[in-house]
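This report refers to the structure that appears directly beneath it.
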Amino acid sequence: MGEILVIGGGASGMAAAIMAARGGASVSILEHNDVLGKKILSTGNGRCNLTNLNLQPGHYRGDNPKFIRTFLKEFDVDSAFEFFSSIGIYTKCRGDYVYPLCDQAAAVREAFAMEVKRLGVQVRTNCHVEEIRKDKKGFLILCAGEMNPYRAVRVILSAGGQASEISGSDGSGYALAKRLGHSLSPVVPALVQLVSEKKCFRKLSGIRITAGISLFVNDKFIVNDYGEVQLTDYGVSGIPAFQVSRYAAKALQQKQKVCAELDFIPQISADALNFELRKRRRRSGKYTAAELLNTLFPSKLIPVLLTEAEIDIQVWAEKLSDEKIAKLAGICKCFQVPVTKTMPFSKAQICAGGVKTEELFPETMESKLVKGLYITGELLDVDGICGGYNLHFAWGSGIMAGNDAAGNVRHSIN
């Protein structure tokens, strides 16, 4: 079918196919879905956050930090801009976040698909790869419902992870990599909501509040974040929850105890809040405890905070002891949320875990175990925080694989 076969026509797979074709190779894509780049449509809330101006190794997670440091030296933000320009995607920035000028993820998907077509890349959609076999001539690729296998000199495995509601995000690429000898770091949902069995969340659903979130595993602090938190009937959502979720999911997968602490008023310290509440108590007159918290917190949150502090909502504020005030301030600053699970893969933006990156060359994405096999994108044990980091890795890892695969094909022919 072609010298280079790309399995998966998402962000990483299309980037790989484009660069391999530009390198002079005959390239084909086998895509599980009915169109290329379906998952791109949902990125950046439909606007496609292409990359980020502030690319740092610390914005990525995985078991092998050295891999991502090398990757970012090879494919920085200028490399990304150069590639976008080459396929007609003009960009704009909101802070450090980079978006297409038109603010439409659909246009990005279309630009990639048009370049794939222009370069003469063969595309087979609705094609599910069941097995990849390595032999002396290269690779045989067997697909469901097809009698004849495909043959290729090089294979780029860009099948995507297990996240998203989009059909085809089934994690089948992990099994393909594993059967070829690669090992996996456990795969869990990431950039996903946190679920708690704490009953008060039924009363808090719909609240949006600027808050800090700190994650503890077995009572040990792991990570924190800050921003707009969304409280739901099942637990905690919003970008800060997403940012810490991969650590929660990893710990829960290992049967460890996970707790999130919410700081509902991060603008001031616990001592300053304690002082403010005592000052309000002195001047409040015949105000209730609930009225003591007025203007500080959303009205739906106030009775829950008082209940947590074991304070009757109707008690007069002037009757609250210093100890009760201090306890209330502490709960406002450190609201305990036992985390029982995350939402499932279908609700997650990405996965954490995947093919261990120690088994790849970071400059090319070629396997150290199977010559001529490349693995890219979400299949790898690399996950970034919100802000375009995961798409940057998808484009970049695909581009590096496509470049190297085409170069190796030319070298073998010559």
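Under the numbering used here, read the sequence shown as residues 1 to 414, first letter to last.
Every residue gets a Cβ at the ideal spot worked out from N, C-alpha and C, and that includes glycine.
Item, Value
"Could you name the residues that DSSP lists as bridge partners for GLY235?", "VAL195"
"To the nearest angstrom, report how far apart ASN414 and MET19 are at their CA atoms.", "At ASN414, the pLDDT of 44 sits below 50, so the modelled position is not reliable; the number obtained from the coordinates is stated separately. Cα to Cα, the separation comes out at about 20 Å."
"With a CB to CB cut of under 7 Å and the five nearest residues on each side skipped, what residues in its chain are close to ALA17?", "VAL6, VAL27, ILE29, VAL116, VAL121 and GLY402"
"What's the C-alpha gap between LEU373 and VAL153?", "9 Å"
"Measuring CA to CA, which of ILE302, VAL223 and VAL304 is closest to GLY58?", "VAL223"
"Please work out which residues of its chain come closer than 7 Å, Cβ to Cβ, to HIS392, disregarding the five sequence neighbours upstream and downstream, and give them in chain order.", "THR51, ASN52, LEU55 and ALA80"
"Count the other CB atoms within 10 Å of the CB of THR295; is the residue buried (16 or more) or exposed (fewer)?", "exposed"
"Is DSSP giving ILE18 helix, strand or coil here?", "helix"
"Specify whether the stretch 383-391 and the stretch 338-356 touch according to this definition: at least 3 beta carbon pairs, one from each stretch, less than 8 Å apart.", "yes"
"Measuring only the C-alpha atoms, how far is ILE132 from ILE89?", "34 Å"
"Which of the three DSSP states is assigned to GLN253 in this structure?", "helix"
"Could you tell me if PHE221 is buried or exposed, where buried requires 16 or more neighbouring beta carbons within 10 angstroms of its beta carbon?", "exposed"
"Measuring CA to CA, which of LEU360, VAL315 and ALA11 is closest to PHE67?", "LEU360"
"Take ASN390 as the anchor and find which of CYS102, ALA144 and GLN243 has the nearest alpha-carbon.", "GLN243"
"At the level of alpha carbons, what is the spacing between LYS92 and GLU74?", "23 Å"
"Provide the residue span of the beta strand (DSSP E) that contains ILE141, from first to last.", "138-143"
"So, are the CB atoms of PHE71 and PRO298 less than 7 Å apart?", "no"
"So, is LYS257 buried or exposed, given that buried needs 16 or more other C-beta atoms within 10 angstroms?", "exposed"
"At the level of alpha carbons, what is the spacing between GLY24 and ALA406?", "7 Å"
"Quick one: complete beta strand (DSSP E) runs, 3+ long, within the stretch 7-77?", "27-30"
"Quick check: ALA260 and VAL370, are their CB atoms within less than 7 Å of each other?", "no"
"For ALA241, which residues in the same chain have their Cβ closer than 7 Å to its Cβ, ignoring the five residues on either side in sequence?", "GLN193, LEU194, ILE213 and VAL229"
"Can you list, in chain order, the residues of its chain with a C-beta nearer than 7 Å to that of ILE207? Leave out the 5 residues immediately preceding and following it.", "LEU231, PRO298, LYS300 and LEU301"
"Measuring straight from C-alpha to C-alpha, what distance separates ALA329 and ARG202?", "23 Å"
"With DSSP run on the structure shown, which of helix, strand or coil describes PHE216?", "strand"
"How should GLY13 be labelled, buried or exposed, when 16 other C-beta atoms within 10 angstroms of its C-beta is the threshold for buried?", "buried"
"Could you give the distance in angstroms between the alpha-carbon of GLY398 and the alpha-carbon of GLY377?", "7 Å"
"Helix, strand or coil for ASN294, going by three-state DSSP, please let me know.", "coil"
"For the 8 Å Cβ check, are there 3 or more pairs between the stretch 315-324 and the stretch 134-143?", "no"
"According to DSSP, is ILE268 part of a helix, a strand, or is it coil?", "coil"
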